[in-house]
Amino acid sequence: MDMMSDRIADRVKQMKGSGIREFFDIAQRMEDAISLGVGEPDFVTPWRIREACIFSLEKGYTSYTSNWGLLELREALSDTIYKETGVYYDPEGELLITTGVSEAADLALRAMLNPGDEVILHEPSYVSYNPCTVFAGGTTVCVATGVEDEFKVRAEQIEEKITERTKALILSYPNNPTGATLSRKELEEIADVANEHDLLVISDEVYGKLTYEGTHTCFASLNGMKEKTILLNGFSKAYAMTGWRLGYAAGNKEIIEAMMKIHQYVMMCAPITAQMAAIEALRCEDEVERMVSEYNRRRRVMVDGLNSLGLSCFEPKGAFYTFPYIENTGLTSAEFAKRLLFEEKVVVIPGSVFGACGEGFVRCAYAVSQYEIKEALERIERFLTGIK
Amino acid sequence: MKEEIKEKQKEVEMLRILEENARLSDAEIARMMGIKEDEVKAIIAELESKKVIRKYKAVINYEKAGIETVQALIDVKVSPERDTGYDSVAERISRFPEVQSVRLVSGEYDLSVLVSGKTMQEVAYFVAEKIAPLEQVRNTLTHFLLKTYKEHGEIYGEEGQGKRLAVTL
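Going line by line, the protein sequences match chains A and B. For the first sequence, position 135 matches number 481 in this note's numbering, and the numbering has no gaps at all. For the second sequence, position 150 matches number 151 in this note's numbering, and the numbering has no gaps at all.
Encoded structure:
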C-alpha cells in the first residue's frame with residue numbers, strides 16, 4: 347500500500363504546522379507553570395449568561411436553528427451593532443451567525459476567492475488567516491508591520507502590495523498578538539485605498555470591545571465601507587465565551603448569502619445552546635465593562651513590569667496582549683520562550699509564530715490574575731539575570 | 002468640570018480596586034491605574050478623611066477557621082419617635098458590640114439587625130435582655146443563620162473552574 351501521506355492533498359501537506367507543537371505539549375504538561383501563552387480570558391462566562399443557557403436547556407431548546415442563526419439573536423445583534431457603531435445590518439440577509447469567528451473568516455475567504463486571487467494580510471497577526479486563504483485557493487501577500495509604527499499597518503504599505511489579482515484585505519485590529527489598535531484617521535486612510543482599488547475588506551474586530559485608549563472604530567462605519575466590509579466579530583473575548591464557539595459575519599447581502607451557502611452545507615447552524623446564551627450576553631454590558639476595567643489594570647501592570655525589566659514594550663491599546671522586544675537578550679524568540687519555560691516555568695509565545703516580522707518579540711497575555719502577573723514578572727526577572 | 006469628572010472616575014476606580022483587595026500597596030495601585038504613587042496616597046487620604054472608606058478588613062469564613070460563632074438576623078418592629086423617627090433607637094441598638102449591622106428596611110419590620118455571639122443561647126439572651134425590652138421596640142423575630150453561601154460578593158463554596166490550555170494562539 348502507498349504511504350498514507352501520499353494521499354493527503356498537496357495544499358494541506360504543504361501547509362506548515364505551527365512549528366512549536368512540541369513546545370505546546372511540554373507547556374501543557376508542566377506543573378506549576380504560569381502561562382502567559384493563553385489567548386482567552388481567565389474569567390468564566392458571567393453567570394447570567396450561563397444561567398440563561400441552563401434555562402434554555404431546561405425548556406428544551408436542543409434543536410437545529412435556521413442556517414442563519416436564531417432570528418431573535420440576529421435581531422438583538424443588529425440592534426447592538428447599530429447602537430455601538432451606527433451601522434445597520436438587516437437581521438434577515440445581512441447577518442450570519444457562525445461557529446466562532448474562525449468559521450466566519452473561513453467562510454468569507456471561501457466565498458470570495460478564485461484560484462490565484464491575492465489577499466493582503468498585515469503581520470504579525472493571528473495564525474489562521476494565511477492557512478484559510480491558502481485552503482480557499484488564494485495566495486496571501488504579507489505586509490510586515492514593525493514596532494517603529496507600533497505595529498499599525500499603514501495605508502501606503504497596503505497600496506504598494508496591490509496587484510490586479512488583489513481581491514481582499516484582511517484587517518485585524520485590535521491586534522493579536524501585538525495589542526495594536528488603529529485610530530479612526532488611520533482606518534479612514536485605509537478605507538480610501540480600499541475604495542480606490544475596489545478591495546473587499548475582511549475586518550476581524552473580535553477584540554473591539556477590549557480597547558483601553560480611545561474608542562474602537564468599526565471599519566464598516568467609515569464612509570462607503572459598509573458595502574465593502576465583511577465585519578467579523580464574536581462573543582469569545584468580550585464576553586469570556588471562548589468555548590461556546592459563537593461568532594458572526596455582517597455585510598453585503600450577496601456575500602453573506604454566499605457565505606451562508608457554504609455554512610449550510612458544512613455547519614448547518616451554530617449550536618443552539620450557545621445562541622441562546624448569546625442573546626443574554628448582549629444584555630450584559632455591565633459585566634463586559636467590569637472585565638475590561640480589570641484587563642486595563644493588568645495591562646498597565648504588565649507593560650510597566652516588562653519595561654522595568656528591560657524588555658521594552660510599546661503600549662498596547664487593545665486586546666489582552668503585550669509584545670515585548672527580546673532580541674537584546676541574544677536569543678531568538680523561540681529560544682527565549684523555550685528557555686524561559688524550562689528554567690522558570692513561564693509560558694510565552696515566540697513572536698515568529700505570528701509571521702516572520704514577529705521575530706525578536708514574544709507575546710505575553712495579561713488575561714491572567716494580578717497575582718500570576720506579579721509572579722511571572724519575578725520569574726522573568728530571575729531568568730534575565732541568569733542569561734546575562 | 003472635566004477635571005472633576007476625571008477625579009471622580011479615579012476615586013471610583015480606586016474604591017473598586019480596594020474593595021477587591023485592600024492589601025495592595027500604594028505602588029501596586031498606582032501601577033494598575035497608571036498614575037503616580039503620590040496621587041494614590043492623596044486620593045486615599047482624602048477618601049479616609051471624608052470617611053468614604055470606613056475601615057479595611059478581611060472577609061473571614063469562620064467555619065473554615067474552626068472558630069465557632071453564631072449569628073442571627075433579628076427583625077425588629079419599632080415605634081418611631083417624634084423628631085428623631087427611627088434614628089435614635091437604631092443608634093442605640095448599634096452601640097452594642099454584639100450587633101454587627103443595623104439597617105432600616107421596608108416591609109413588615111423596620112430594622113434588620115445582625116447579631117453575633119458564641120452560642121445560640123448567648124444571642125437569644127442578648128435579644129431578650131437588650132433589644133426586646135427597649136421602649137420603642139414592639140416586636141422581634143430572630144432568625145439564626147445556618148449556613149453562609151456568599152458574603153461581601155465572595156462565594157464561599159469551591160467554585161469549580163475548567164482548566165484552560167496553557168497555550169492557545
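Beta carbons: idealized from backbone N, C-alpha and C, even for Gly.
* Asked: Using a beta-carbon distance below 9 Å, is G118(B) in contact with chain A?
  -> No, G118(B) lies away from the interface with chain A (no Cβ there is under 9 Å from its Cβ).
* Asked: In its own chain, which residues sit with a C-beta less than 8 Å from the C-beta of T408(A), not counting the 5 before and 5 after it?
  -> I618 and T619
* Ordered along the chain, which non-local residues of its own chain (more than five positions away) have a Cβ less than 6 Å from that of H543(A)? -> I508
* In terms of DSSP beta bridges, what is L105(B) paired with? -> L112(B)
* the region 631-650 of chain A touching the region 592-612 of chain A, judged by at least three CB pairs closer than 8 Å -> No contact exists between the region 631-650 of chain A and the region 592-612 of chain A.
* Determine the chain B residues that contact Q374(A) at a beta-carbon separation under 8 Å, and present them in chain order. => Near Q374(A) (Cβ distances below 8 Å), the residues of chain B are L166, A167 and V168.
* To do: Kindly list the residues whose CB is nearer than 7 Å to the CB of E505(A), restricted to its own chain and excluding five residues on each side of it in sequence; keep chain order.
  => Within the same chain, E505(A) has close Cβ partners V539.
* To do: Please check if any C-beta of chain A sits within less than 9 Å of the C-beta of E155(B).
  => no
* To do: Specify the secondary structure class of R709(A) as computed by DSSP and reduced to three states.
  => strand
* Counting along the chain, where does the beta strand (DSSP E) carrying V487(A) start and finish? -> T485 to A490
* Asked: In this structure, does DSSP put P662(A) in helix, strand or coil?
  -> Look at P662(A) here: in three-state DSSP terms it is coil, with no helix or strand label.
* Please state whether DSSP places N674(A) in a helix, a strand or coil. => helix
* Of all the CB atoms in chain B, is at least one closer than 9 Å to the CB of F369(A)? -> yes
* To do: Would you please state the rounded distance, in angstroms, between the beta carbons of R165(B) and V465(A)? I believe it to be under 8 Å.
  => So it is not a contact: roughly 31 Å between Cβ atoms.
* Bridge partners - G554(A), DSSP secondary structure assignment -> Bridge partners of G554(A): none, in fact.
* What in chain A is Cβ-close to R139(B), meaning under 7 Å? -> Under the 7 Å cutoff, chain A gives no residues; its nearest Cβ is about 40 Å from R139(B).
* Between the region 380-398 of chain A and chain B, which residues of the former have a C-beta closer than 8 Å to a C-beta of the latter? -> Within the region 380-398 of chain A, the residues whose Cβ lies closer than 8 Å to some Cβ of chain B are S381, G383, V384, G385, E386, D388 and V390, listed in chain order.
* **Beta-carbon proximity list for V649(A), same chain, < 8 Å, skipping 5 on both sides** => Closer than 8 Å at Cβ, skipping near neighbours: C659, E661, P662 and T668.
* To do: Return the first residue and the last residue of the beta strand (DSSP E) that A167(B) is part of.
  => Run containing A167(B): none; DSSP gives neither H nor E here.
* What in chain E is Cβ-close to M33(B), meaning under 7 Å? -> Absence of chain E from the displayed structure is noted, the protein chains being A and B.
* Neighbour-count burial assignment, M361(A), 16 or more Cβ in a 10 Å radius -> exposed
* **Same chain only: Cβ atoms within 7 Å of M121(B), ignoring 5 sequence neighbours per side** => V71 and F145
* Per-residue contacts from V693(A) into chain B (C-beta, under 9 Å) -> Within chain B, the residues A167 and V168 have their CB atoms less than 9 Å from the CB of V693(A), given in chain order.
* Using the DSSP secondary-structure output, state which residues sit across from I156(B) in a beta bridge. => K151(B)
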